[in-house]
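Protein chains: 2
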Amino acid sequence: MSWKKIKSNIVYSNPYFRVLEDDVMQPNGKEGKYFVVGVNDFVSVIAEDGNQDIYLVEQKRYTIQSMSLEFVAGRVEDNEEAIQAAQRELKEEAGIRAQNWKNLGYAYTSNGITNQRFHVYLARDLEFGKQELDPNEDIAVKKFSIEDVRKMILDNKIIDGPSIVGFYKFLEYRN
Amino acid sequence: MSWKKIKSNIVYSNPYFRVLEDDVMQPNGKEGKYFVVGVNDFVSVIAEDGNQDIYLVEQKRYTIQSMSLEFVAGRVEDNEEAIQAAQRELKEEAGIRAQNWKNLGYAYTSNGITNQRFHVYLARDLEFGKQELDPNEDIAVKKFSIEDVRKMILDNKIIDGPSIVGFYKFLEYRN
Numbered sequence: 014m015s016w017k018k019i020k021s022n023i024v025y026s027n028p029y030f031r032v033l034e035d036d037v038m039q040p041n042g043k044e045g046k047y048f049v050v051g052v053n054d055f056v057s058v059i060a061e062d063g064n065q066d067i068y069l070v071e072q073k074r075y076t077i078q079s080m081s082l083e084f085v086a087g088r089v090e091d092n093e094e095a096i097q098a099a100q101r102e103l104k105e106e107a108g109i110r111a112q113n114w115k116n117l118g119y120a121y122t123s124n125g126i127t128n129q130r131f132h133v134y135l136a137r138d139l140e141f142g143k144q145e146l147d148p149n150e151d152i153a154v155k156k157f158s159i160e161d162v163r164k165m166i167l168d169n170k171i172i173d174g175p176s177i178v179g180f181y182k183f184l185e186y187r188n
Numbered sequence: 014m015s016w017k018k019i020k021s022n023i024v025y026s027n028p029y030f031r032v033l034e035d036d037v038m039q040p041n042g043k044e045g046k047y048f049v050v051g052v053n054d055f056v057s058v059i060a061e062d063g064n065q066d067i068y069l070v071e072q073k074r075y076t077i078q079s080m081s082l083e084f085v086a087g088r089v090e091d092n093e094e095a096i097q098a099a100q101r102e103l104k105e106e107a108g109i110r111a112q113n114w115k116n117l118g119y120a121y122t123s124n125g126i127t128n129q130r131f132h133v134y135l136a137r138d139l140e141f142g143k144q145e146l147d148p149n150e151d152i153a154v155k156k157f158s159i160e161d162v163r164k165m166i167l168d169n170k171i172i173d174g175p176s177i178v179g180f181y182k183f184l185e186y187r188n
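Chains A and B, in that order, are what the protein sequence lines are.
Start counting the first sequence at 14; every next residue gets the next number (the working numbering).
Start counting the second sequence at 14; every next residue gets the next number (the working numbering).
See below:
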């Protein structure tokens, strides 16, 4: 036996996510509720230059009330493909265009409460230009060696889960 | 300039998470809203036996309408320490007690929308007993070699982000 959907009910929404209180059949055969945060997919982008350095962005993350160093990331808009979102976000957040793109896989952020999925992309053959930030974004682009990023992950200085997943998919791909 | 909290407002809640629509000062100096899914921390537990095999659990995840193979995980209840949650969840979900515990770090699942954080634990010196599942849980315990888990991650067969983070923190710790 496992969870089966009877009926989906949107009980809350804002421009970024919604909450569903679905009527479900539980594994024990009884009817119940399952609470889901419904969110669009997003992308996480690792940009690597010809010197084997990689580019991260640093910004204050309001949710955790702290600065966070991460790979470029952003949501896949409705009617947009993940690769398009990756190319758009890398240009907007970091001012970088890339000639060479590779999908390195995907994962879910927290499947106990949300359907949120992210796709990892590697961008190479880079051209550098200006960021195209919203008036509301304050994002610094920073370049690191691969080994420095690894150390920051092990020291809990990089604490963004999707970036950590992306980094190791990148390391495995390079090996 | 960066996001500053003016006032937190809970606009929705259920037993598992809540939604905040906070009044904030935006990086551009104007007042606005920030939407946050507020959730307790959780733990992700890697149990390794004396043969260097590791134990995962498989269950249907309603949110993604699919089976998912993951490390034992569960939320840190109010007034519970993360290590206590790790010990409790490993016993309940997998029927395993461990003599030897090591914290391998932490990360956030998706800091654009939620404060949800997870703590990674390694459990060793294992004793095997019976699962203590809720009537509502249907969870199978499965044993794998480390290399098999690595392959399943690279093949997108393990797609739980926190488990992937946990696995590589474990690999780095062993090296």
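Note that CB positions come from ideal geometry on N, CA and C, so glycine has one too.
Using a Cβ cut-off of 7 Å, pull out every chain A residue sitting near residue i, in sequence order please.
i	result
residue 47(B)	75
residue 129(B)	123
Could you name the residues of chain B that residue i contacts, counting a contact when the two beta carbons are closer than 8 Å?
i	result
residue 167(A)	118, 182 and 185
residue 37(A)	75
For residue i, which residues in chain A fall below 9 Å Cβ to Cβ?
i	result
residue 158(B)	Within 9 Å Cβ-Cβ: nothing; residue 158(B) doesn't reach chain A, min ~17 Å.
Does any C-beta atom of chain B lie closer than 9 Å to the C-beta of residue i?
i	result
residue 173(A)	yes
residue 155(A)	no
residue 67(A)	no
residue 50(A)	yes
residue 83(A)	yes
residue 59(A)	no
residue 163(A)	yes
residue 96(A)	no
residue 55(A)	yes
residue 78(A)	yes
Please report how far the alpha carbon of residue i lies from the alpha carbon of residue j, in whole angstroms.
i	j	result
residue 50(B)	residue 108(B)	31 Å
residue 165(B)	residue 176(B)	12 Å
residue 182(B)	residue 38(B)	36 Å
residue 67(A)	residue 41(A)	49 Å
residue 32(B)	residue 45(B)	16 Å
residue 24(A)	residue 36(A)	12 Å
residue 117(B)	residue 180(B)	10 Å
residue 63(A)	residue 184(A)	16 Å
residue 85(A)	residue 178(B)	18 Å
residue 48(A)	residue 121(A)	16 Å
residue 92(A)	residue 100(A)	15 Å
residue 22(B)	residue 71(B)	37 Å
residue 90(A)	residue 133(A)	16 Å
residue 152(B)	residue 59(A)	35 Å
residue 150(B)	residue 144(B)	10 Å
residue 18(B)	residue 102(B)	34 Å
residue 65(A)	residue 162(A)	12 Å
For the putative contact between residue i and residue j, defined by C-beta atoms under 8 Å, what is the C-beta separation to the nearest angstrom?
i	j	result
residue 56(B)	residue 127(B)	The pair is not a contact, with the Cβ atoms about 16 Å apart (cut-off 8 Å).
residue 16(A)	residue 75(B)	4 Å
residue 69(B)	residue 141(B)	Between residue 141(B) and residue 69(B) the Cβ distance is about 15 Å, and since that is not below 8 Å, they are no contact.
residue 135(A)	residue 61(A)	7 Å
residue 105(B)	residue 139(B)	In fact, because the Cβ distance is near 15 Å, the residues do not count as touching under 8 Å.
Distance cutoff 9 Å, beta carbons only. Does residue i sit that close to anything in chain A?
i	result
residue 23(B)	no
residue 110(B)	no
residue 88(B)	yes
residue 134(B)	no
residue 72(B)	yes
Quick one: list the residues of chain A neighbouring residue i, beta-carbon separation under 8 Å, in chain order.
i	result
residue 19(B)	Ordered by position in chain A, no residue passes the 8 Å Cβ test against residue 19(B), which lies about 12 Å from the chain.
Following a CB-centred definition, is residue i positioned closer than 8 Å to any heavy atom of the ligand NAP?
i	result
residue 36(B)	This structure lacks the ligand NAP; in fact it carries no ligand of any kind.
So which residues of chain D does residue i contact, with C-beta pairs closer than 7 Å?
i	result
residue 32(A)	No chain D appears in this structure, whose protein chains are A and B.
Do three or more CB pairs link the stretch 162–175 of chain A to the stretch 88–107 of chain A at distances below 8 Å?
no
Given 8 Å, three or more beta-carbon pairs between the stretch 70–80 of chain A and the stretch 110–118 of chain A
no
Check whether the stretch 123–139 of chain A and the stretch 121–136 of chain B are in contact - that is, three or more C-beta pairs closer than 8 Å.
With the cut-off at 8 Å, the stretch 123–139 of chain A and the stretch 121–136 of chain B touch.
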